[in-house]
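Chemist: Each number in my numbering corresponds to the 1-based position in the sequence shown with 307 added. Please find one structure pasted underneath; my questions will follow.
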Amino acid sequence: MSTHDTTEPGDAKGIRLEAGDAELTLRPDLGSRISSLRIGGTELLRQGAGHGSFPMVPWCGRVDRGRFRNGDVRHQLPINHPPHAIHGTGRDTAWRTARTGKTSAVTTYDLAEPWPYPGRVAQVVELAEDSLTLTMSVETIGDSFPAQAGWHPWFLRNLGGADVEIDFTAAWQEERGENHLPTGRRIDPQPSPWDDCFGMPEGVAVTLTWPERLELKVTSRTEWVVVYDEEPEAVCVEPQSGPPNGLNTHPRLVTPVDPLEISTTWSWRRL
Numbered sequence: 308m309s310t311h312d313t314t315e316p317g318d319a320k321g322i323r324l325e326a327g328d329a330e331l332t333l334r335p336d337l338g339s340r341i342s343s344l345r346i347g348g349t350e351l352l353r354q355g356a357g358h359g360s361f362p363m364v365p366w367c368g369r370v371d372r373g374r375f376r377n378g379d380v381r382h383q384l385p386i387n388h389p390p391h392a393i394h395g396t397g398r399d400t401a402w403r404t405a406r407t408g409k410t411s412a413v414t415t416y417d418l419a420e421p422w423p424y425p426g427r428v429a430q431v432v433e434l435a436e437d438s439l440t441l442t443m444s445v446e447t448i449g450d451s452f453p454a455q456a457g458w459h460p461w462f463l464r465n466l467g468g469a470d471v472e473i474d475f476t477a478a479w480q481e482e483r484g485e486n487h488l489p490t491g492r493r494i495d496p497q498p499s500p501w502d503d504c505f506g507m508p509e510g511v512a513v514t515l516t517w518p519e520r521l522e523l524k525v526t527s528r529t530e531w532v533v534v535y536d537e538e539p540e541a542v543c544v545e546p547q548s549g550p551p552n553g554l555n556t557h558p559r560l561v562t563p564v565d566p567l568e569i570s571t572t573w574s575w576r577r578l
């Protein structure tokens, strides 16, 4: 079956990709969010507004009180998660569909207010029978600026059997302060529950196992991942190009000759 538009709740249109028994629905109108990923008819993502899996761009996680600097210039972002700004502006923006095919799609959006610098973001979604690869790029069309990019998937905790098990080996954990921001101190990884950022210098590698159902591996060449498992219905494994508040603590400049690029692959097998 070829890729086609499909009507979703609320009469908004999505893009459906299919490969083997894997089916994905992408919603450019809802921040280029993956609203559904079904493997053999089983939904993997938490449904509803704010869930699925969305791009975090041009920053990831929290920005301290919404403030960041670019050289000597100070900026204030809207406080959308008091007292901080969280998860970027891309998830709240309608993206344009640049290209679609049976198993892939490309969407873009232009950075604009409240982000203070002009630029363009693109996301490539590529579905295979046993994997999903997501790639995102951030380019400037003017001055250089610090930015981050990553993904925030909400994986269902339970697929009809035992709860998911999360397995990974991190080199360190970013110590989290009372304000939910990294303190700047690296500590040994702590046991669950987590709403924490971990460092993996060799690349992100996290395995989610739903016993007797499915094993899914989240990998990325980036070294940062946030793991969140404090809610009863879902867990999040979020590869990203820098830690929370990274616009201030680990700024990665996007320049006219050096765009920011990041990718992640989710690969799965049945158990």
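Glycine included, each C-beta is placed from N, C-alpha and C at the ideal position. Small disclaimer: the values here were computed from a predicted structure and weren't measured.
Can you give, in chain order, each stretch of the beta strand (DSSP E) that sits fully within the region 339-377 and has at least 3 residues?
Modeler: Counting only runs of 3 or more, we get 340-346, 360-363, 374-377.
Chemist: If you reduce the DSSP assignment to three classes, tell me which class Arg559 lands in.
Modeler: Looking up residue 559 in the sequence shown gives position 252. Coil.
Chemist: Rounded to the nearest angstrom, what separates Ser574 and Asp379 at their Cα positions?
Modeler: Taking the first residue of the sequence shown as 1, we reach residue 574 at position 267. Taking the first residue of the sequence shown as 1, we reach residue 379 at position 72. Their Cα atoms are separated by approximately 43 Å.
Chemist: Check whether the Cβ atoms of Pro362 and Ala456 sit closer than 9 Å, and answer yes or no.
Modeler: As a working note, residue 362 is residue 55 in the sequence shown. As a working note, residue 456 is residue 149 in the sequence shown. The answer is yes: Cβ separation under 9 Å.
Chemist: Buried or exposed: which applies to Asp318, given that a residue is buried once 16 or more other Cβ atoms fall within 10 Å of its Cβ?
Modeler: Taking the sequence shown and counting its residues from 1, the one referred to as residue 318 is at position 11. Note that Asp318 scores a pLDDT of 35, beneath 50, so its modelled location is shaky and nothing firm can be said.
Chemist: Indicate the three-state DSSP secondary structure (helix, strand or coil) for Arg528 in the structure shown.
Modeler: Within the sequence shown, numbered from 1, the residue matching residue 528 stands at position 221. Reduced to three states, the DSSP call for Arg528 is coil.
Chemist: Starting from Ser570, follow the beta strand (DSSP E) in both directions and report where the run begins and ends.
Modeler: Along the sequence shown, read from residue 1 onward, the residue named residue 570 stands at position 263. It spans 567-577 - the beta strand (DSSP E) in which Ser570 sits, taken as one unbroken run.
Chemist: With DSSP as the reference, please indicate the residues paired to Val564 in a beta bridge.
Modeler: To locate residue 564, count along the sequence shown from 1; it is residue 257. According to DSSP, which records beta bridges pairwise, Val564 is partnered with nothing at all.
Chemist: Can you name the start and end residues of the beta strand (DSSP E) that Gln480 belongs to?
Modeler: Counting from one through the sequence shown, the residue named residue 480 turns up at place 173. 479-483 is the extent of the beta strand (DSSP E) around Gln480.
Chemist: Given 8 Å as the limit, is there contact between the region 409-429 and the region 444-454, that is, 3 or more CB pairs closer than that?
Modeler: In short, these stretches touch, since the Cβ pair count reaches three.
Chemist: Does the Cβ of Leu560 have 16 or more other Cβ atoms within 10 Å, making it buried, or fewer, making it exposed?
Modeler: Here residue 560 is taken as the residue at index 253 of the sequence shown, counted from 1. So Leu560 ends up on the exposed side.
Chemist: Closest to Leu523 by CA distance: which of Arg493, Thr400, Thr396, Ile346 is it?
Modeler: On the sequence shown, position 216 is the one that residue 523 refers to. Out of Arg493, Thr400, Thr396, Ile346, Ile346 has the C-alpha closest to the C-alpha of Leu523.
Chemist: So who's on the other strand from Glu537, going by DSSP bridges?
Modeler: The residue given as residue 537 occupies position 230 in the sequence shown. None; Glu537 has no bridge partner.
Chemist: Mark Ser309 as exposed unless 16 or more other C-beta atoms lie within 10 angstroms of its C-beta, in which case mark it buried.
Modeler: As a working note, residue 309 is residue 2 in the sequence shown. Only weak support exists for where Ser309 lies, its pLDDT of 31 falling under 50; the value from the coordinates is given anyway. Ser309 is exposed by the Cβ-count criterion.
Chemist: Look up Arg493 in the DSSP assignment and say whether it is helix, strand or coil.
Modeler: Taking the sequence shown and counting its residues from 1, the one referred to as residue 493 is at position 186. Here Arg493 sits in strand by DSSP.
Chemist: On the premise that Cys504 lies in contact with Pro550, defined as a C-beta separation below 8 Å, what is that separation, rounded to the nearest angstrom?
Modeler: In the sequence shown, counting from the first residue as 1, residue 550 sits at position 243. In the sequence shown, counting from the first residue as 1, residue 504 sits at position 197. Right, their Cβ atoms sit about 5 Å apart.
Chemist: Residues in its own chain within less than 8 Å of Gln480 by CB, not counting five upstream and five downstream?
Modeler: Walking along the sequence shown from the start, residue 480 turns up at place 173. Correct list, in chain order: Arg493, Ile494, Asp495, Pro496, Gln497, Asp503, Cys504, Phe505, Gly506.
Chemist: Taking Pro508 and Ser527 to be in contact with their CB atoms under 8 Å, please state how far apart those CB atoms are, rounded to whole angstroms.
Modeler: Within the sequence shown, numbered from 1, the residue matching residue 508 stands at position 201. Within the sequence shown, numbered from 1, the residue matching residue 527 stands at position 220. That belief does not hold up - the Cβ atoms of Pro508 and Ser527 are roughly 12 Å apart, past 8 Å.
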